[in-house]
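Under this note's numbering, the first residue of the sequence shown carries the number 50, and numbering increases by one thereafter.
Just so you know, even glycine gets a beta-carbon here, dropped at the ideal spot from N, CA and C.
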Amino acid sequence: MTKPKIVFVDTEQFDARSLSFSHSHFTRLMNLVESGQVKVLLTDVVVGEVKRHIREKFRDARKTLGQQFGGLFRNLVKTPSPPILSSEYWENAESEVLAEFENCCKKLKVEMVPIVPEHVSIVFGWYFKYEGPFDSHKRKAEFPDAFSIAAITEWAKKHGEHVYMVSRDMSFRVASELGSNALQLTHKDSLEAFFELFPDPTLAATIKVAFATFLNDEANYAFGENEFQQLGFYVEDAEGWDAHCIAVTYTKPDCLHVVEAKDGHAVLAGGMHVDFMVDICGIQSETEDKSAFVTAEIKIDYDVNDPTKIDVKSVQYDKKGAIGVSLPSSLRRIYED
């Protein structure tokens, strides 16, 4: 049996998926673990940071809600305040999400890599020599990442294993190229990039070219228009003005990866640049051409005998919040007046 690929997942990858532990990328990682193709490592630092970020999200959400509606609801005498304003609600919600994270770790069969005293001298050695995650600057904010890097590096050496470190934080890329680390550490900037290790590389490359060709066909310029419009839009720094996407004019892949390809079915995931027309309405209205970068998951079928022939089945954009658009200069003057 082929040895599983070992992957370390940084806090940033959980944050990038809005701390949604049911995200399809975590489900895909669980499937790879269950099939024996992947082993997942986390450090004490990552687990602590994810839990801290969950608590911060709830704290910020409660504060924002209180600022917007707290005073209004204090006027109520006969009508009870909504449950969402009670401390019990927030405590229960936070506990539930923390439990979901623990459950996610169990399903990933995570091996915890502890931070031990020996890692302190390694990290401060990098810090004083401007090496690893500290490169040419004394960036004290890098200490949490530095301890994770030290722990994973020493684990890889001790077990004689190669570890993929997944994070968009560049400190991990720099550390993976430090001295002998390059022999045991490989940096990937996203889970999507890591997943691309599993489909046949020739098949994956063919599917990517076929999908790019599909998007370049004028008949498909409005690809995913309905799904993109459902993301929602707003006007930045212009209270009382509305924005509505009226058409998608062109879509271009950006760091899009084939994360699954088997038996005529494939999944692509990663970034997409979408050009679109938006109607901005206030005192006056105007149509503007805009562009946005979004992450998406695309499902396609392909001909197993000729994978250049594809049938795009669906696209799903990550809903991380509405897309902000700026006022054009002509409307900016009207708004400011």
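Tell me whether residue i is buried or exposed, calling it buried when 16 or more other Cβ atoms sit within 10 Å of its Cβ.
i, result
"His306", "buried"
"Thr113", "exposed"
"Val308", "buried"
"Phe177", "exposed"
"Val343", "buried"
"Thr128", "exposed"
"Ser207", "Checking the sequence shown, residue 207 turns out to be Lys, not Ser. It counts as exposed."
"Ile359", "buried"
"Lys339", "buried"
"His74", "buried"
"Pro248", "buried"
"Val165", "exposed"
"Ser135", "exposed"
"Thr76", "exposed"
"Pro193", "buried"
"Ile133", "exposed"
"Asp387", "A query on residue 387 cannot be resolved here, the shown segment of the chain reaching from 50 to 386 and no further."
Is DSSP giving residue i helix, strand or coil here?
i, result
"His211", "coil"
"Thr344", "strand"
"Asp360", "strand"
"Gln233", "coil"
"Ala271", "coil"
"His102", "helix"
"Phe70", "coil"
"Pro193", "helix"
"Ser239", "coil"
"Pro132", "helix"
"Glu226", "coil"
"Lys127", "coil"
"Pro250", "helix"
"Ser378", "helix"
"Lys52", "coil"
"Ser216", "coil"
"Tyr176", "helix"
"Gly85", "coil"
"Glu245", "coil"
"Arg401", "Lying outside 50 to 386, the shown extent of the chain, residue 401 is not represented and no answer is given."
"Asp355", "coil"
Would you grab the beta carbon distance between residue i and residue j for me? Rounded to a whole angstrom, and I think it's under 8 Å.
i, j, result
"Val172", "Ala199", "5 Å"
"His322", "Asp303", "5 Å"
"Leu90", "Val56", "7 Å"
"Ser375", "Glu285", "5 Å"
"Ala224", "Pro163", "That belief does not hold up - the Cβ atoms of Ala224 and Pro163 are roughly 19 Å apart, past 8 Å."
"Thr255", "Thr357", "6 Å"
"Ala372", "Phe282", "Just to set this straight, residue 372 is Ile in the shown sequence, not Ala. Sure, about 5 Å apart at Cβ, within 8 Å."
"Ile201", "Leu147", "Between Leu147 and Ile201 the Cβ distance is about 24 Å, and since that is not below 8 Å, they are no contact."
Report the partner residues of residue i according to the DSSP bridge assignment.
i, result
"His314", "Lys311 and Asp350"
"Val165", "DSSP output for Val165 lists no bridge partner at all."
"Phe325", "Val297 and Lys339"
"Leu90", "Phe57 and Glu160"
"Asp303", "Gly320"
"Tyr283", "Asp291 and Gly373"
"Gln278", "Answer is none; Gln278 lacks a bridge partner."
"Tyr366", "Ala345"
Can we say the region 214-221 touches the region 307-323, given the rule of at least three CB pairs closer than 8 Å?
no
Between the region 325-344 and the region 294-310, are three or more C-beta pairs nearer than 8 Å?
yes
Tell me, please, whether the region 151-170 touches the region 83-92 by the rule of three or more beta-carbon pairs shorter than 8 Å.
yes
Does the region 58-66 come within contact of the region 89-108, defined as at least 3 CB pairs closer than 8 Å?
yes
Decide yes or no for the touch test of the region 364-372 against the region 260-267: beta carbon pairs closer than 8 Å, at least 3 of them.
no
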